[in-house]
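Novice: Got a structure here, written out as structure tokens. Questions coming.
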Amino acid sequence: MLIASKKMCDIQNLKVLLSGEFDMKDLGAAKKILGMEIFRDRTQKRLFLSQKDYIQKILVRFGMVDSKPISTPLSAKEKLSATKTIQTQADLDYMSKVPYSSVVGSLMYAMVCTRPDLAYAVSMVSRFLNQPHKEHWKATKRIFRYLKGTADVGLIYESSSDCPLAGYSDADYAADLDKRRSLTGYAYTLGSCLVSWKATLQPSVALSTTEAEYMALTEAAKEGIWLRGLISDLGINQEHADIYCDSLSAICLTKDQVHHDRTKHIDVRYHFIRSERRIKVHKISTLHNPADMFTKPVPKRKFDHCLDLLNVDCWR
452 MLIASKKMCD IQNLKVLLSG EFDMKDLGAA KKILGMEIFR DRTQKRLFLS QKDYIQKILV
512 RFGMVDSKPI STPLSAKEKL SATKTIQTQA DLDYMSKVPY SSVVGSLMYA MVCTRPDLAY
572 AVSMVSRFLN QPHKEHWKAT KRIFRYLKGT ADVGLIYESS SDCPLAGYSD ADYAADLDKR
632 RSLTGYAYTL GSCLVSWKAT LQPSVALSTT EAEYMALTEA AKEGIWLRGL ISDLGINQEH
692 ADIYCDSLSA ICLTKDQVHH DRTKHIDVRY HFIRSERRIK VHKISTLHNP ADMFTKPVPK
752 RKFDHCLDLL NVDCWR
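The sequence shown finishes on residue 767 if you use my numbering, and the numbering steps up by one all the way, no holes.
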């Protein structure tokens, strides 16, 4: 059980109350929980979350501990599909012995806890859980090779007097080669610290890049509203959450309620962002949009830049 407070006396008082009702053991300052290691530098007012031990365990478990490290989770040219390759009987026999679901599940746990850099790659390989091909398994092993060289990467949180909630949204039009659905990606920071991220296929087929970006903005807005309410409960009041998007046409669509032939078919559920006053949408350059790495495989230089923007790094 974790207890957090600005005042140590409040923590001690709560411990006394709990110990009066339950048998409990005081383990002191938290150092590890649910496979996540917690490092603190009180002098610099910094905190670091990592899963280095967990990553080492899954590397050993799945026989990748001696693999050659690589600099990105997926190749910038990687495009996986369920139908573009035909499996032979030998391929089927080989894949029947591969623990594909267990491997993807293990990677997914790291991704949702402390490794946003895996979000796009895990989203990609998890689409083929029902009938994975050898090329999907090869891509999954590449993710392990990336983890081999970045096991000590994690989330850095720093103290700040100003903690604005800011979101970043992006979409990749028709990214799914099988069903031609687009991909939504978003990330939220509180101050300079990453607190929420997601990479997922959109539920329906978008008919244009603008529509795909608009649908992604709506999903990001829903998350922003929830996060705004959460931090309000923690005593951080913010009039609205800012979302940054690199599509000017999608931003215009959030403000334009005129009926147009090219956008009249868009489901009404995506239009709530037009009247949602708790959200403000702003334009950002694609170069400085960290959500770009949640929607497509990007080159190493852009990938590292996105991680820098989100304060994802090694503990120093």
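No residue lacks a Cβ here, since even glycine has one placed at the ideal position from N, Cα and C.
#1: With a CB to CB cut of under 7 Å and the five nearest residues on each side skipped, what residues in its chain are close to Gln538?
#2: Thinking C-beta only, is Tyr619 closer than 9 Å to Ala638?
#3: Enumerate, from N- to C-terminal direction, the unbroken alpha helix (DSSP H) stretches of 4 or more residues contained entirely within the segment 505-555.
#4: From Val749, Lys458, Lys706 and Lys753, pick the residue whose C-alpha is nearest to that of Lys734; which is it?
#5: For Ala527 and Lys592, what's the separation of their Cα atoms in angstroms?
#6: When we look at the beta-carbon of Cys703 and count the other beta-carbons within 10 Å, is it buried (16 or more) or exposed?
#7: Taking all protein chains shown into account, do 16 or more other C-beta atoms lie within 10 angstroms of the C-beta of Phe595, making it buried, or fewer, making it exposed?
#8: Round the Cβ separation of Ala617 and Leu634 to the nearest angstrom and send it over; I've been treating them as touching at under 8 Å.
#9: Would you mind stating whether Leu645 and Phe499 have Cβ atoms separated by less than 9 Å?
#10: Suppose contacts are defined by Cβ-Cβ distances below 9 Å. Is Phe490 in contact with Trp766 by that definition?
#11: So Ile687 and Ala672 are in contact, right, with Cβ under 8 Å, and what is the actual spacing, rounded?
#12: For Cys614, does the three-state DSSP call read helix, strand or coil?
#13: Starting from Tyr695, trace the alpha helix (DSSP H) in both directions and tell me its first and last residue.
#14: Would Cys696 pass as a contact of Ala657 if the rule is Cβ separation under 9 Å?
#15: From Lys589 to Met452, what does the alpha carbon distance come to, in whole angstroms?
#16: Among residues of its own chain, excluding the 5 on either side of Ser700, which ones have a beta-carbon nearer than 6 Å to its beta-carbon?
#17: In the DSSP assignment, the alpha helix (DSSP H) including Phe595 goes from what residue to what residue?
#18: Taking 6 Å as the limit between beta carbons, can you name the residues of its chain near Gln523, skipping five residues before and five after?
#19: Rounded to whole angstroms, what is the Cα-Cα separation between Ser552 and Asp629?
Specialist: The short version:
#1: Taking the sequence shown and counting its residues from 1, the one referred to as residue 538 is at position 87. These residues qualify, in order along the chain: His584.
#2: Translated into the one-based positions of the sequence shown, residue 638 becomes position 187. Translated into the one-based positions of the sequence shown, residue 619 becomes position 168. Yes, they are a contact pair.
#3: 540-546
#4: The residue you call residue 734 lines up with position 283 of the sequence shown. Minimum Cα distance to Lys734 is reached at Lys706.
#5: Within the sequence shown, the letter at position 76 stands for residue 527. Within the sequence shown, the letter at position 141 stands for residue 592. Using only the alpha carbons, I get a separation of about 16 Å.
#6: Taking the sequence shown and counting its residues from 1, one reaches residue 703 at position 252. Exposed: under 16 other Cβ atoms inside 10 Å.
#7: If you number the sequence shown from 1, residue 595 lands on position 144. Per the 10 Å Cβ criterion, buried.
#8: Start at 1 with the first residue of the sequence shown, and residue 617 comes out as number 166. Start at 1 with the first residue of the sequence shown, and residue 634 comes out as number 183. No, Ala617 and Leu634 are not in contact; Cβ-Cβ is about 21 Å, not under 8 Å.
#9: In the sequence shown, the residue the question calls residue 645 occupies position 194. In the sequence shown, the residue the question calls residue 499 occupies position 48. No, Cβ-Cβ distance for Leu645 and Phe499 is not below 9 Å.
#10: Against the sequence shown, residue 490 aligns to sequence position 39. Against the sequence shown, residue 766 aligns to sequence position 315. It is a contact, given that the beta carbons lie within the stated cut-off.
#11: Residue mapping note: residue 687 aligns to position 236 of the sequence shown, counting from 1. Residue mapping note: residue 672 aligns to position 221 of the sequence shown, counting from 1. With a Cβ gap of about 19 Å, Ile687 and Ala672 do not count as contacting.
#12: As a first step, residue 614 is located in the sequence shown; it is residue number 163 there, counting from the start. Of the three classes helix, strand and coil, the one that applies to Cys614 here is coil, per DSSP.
#13: Locating residue 695 in the sequence shown gives position 244, where the first residue counts as 1. Element bounds for Tyr695: not the alpha helix (DSSP H) but the beta strand (DSSP E), Ala692 to Cys696.
#14: The residue given as residue 696 occupies position 245 in the sequence shown. The residue given as residue 657 occupies position 206 in the sequence shown. No, the pair does not count as a contact, with Cβ atoms beyond the cut-off.
#15: The count along the sequence shown starts at 1 and reaches residue 589 at position 138. The count along the sequence shown starts at 1 and reaches residue 452 at position 1. Going from the Cα of Lys589 to the Cα of Met452 covers about 39 Å.
#16: On the sequence shown, residue 700 is found 249 positions in, with the first residue counted as 1. Here the set comprises Thr661.
#17: One-based indexing of the sequence shown puts residue 595 at position 144. Taken as a continuous stretch (DSSP letters only), the alpha helix (DSSP H) holding Phe595 covers Lys585 to Gly600.
#18: Mapped onto the sequence shown, residue 523 falls at position 72. It should be noted that the sequence gives Thr, not Gln, for residue 523. If we look at Thr523 and ignore the five residues flanking it on each side, its Cβ neighbours are Lys751 and Phe754.
#19: The residue you call residue 552 lines up with position 101 of the sequence shown. The residue you call residue 629 lines up with position 178 of the sequence shown. If you take the alpha carbons of Ser552 and Asp629, they lie about 20 Å apart.
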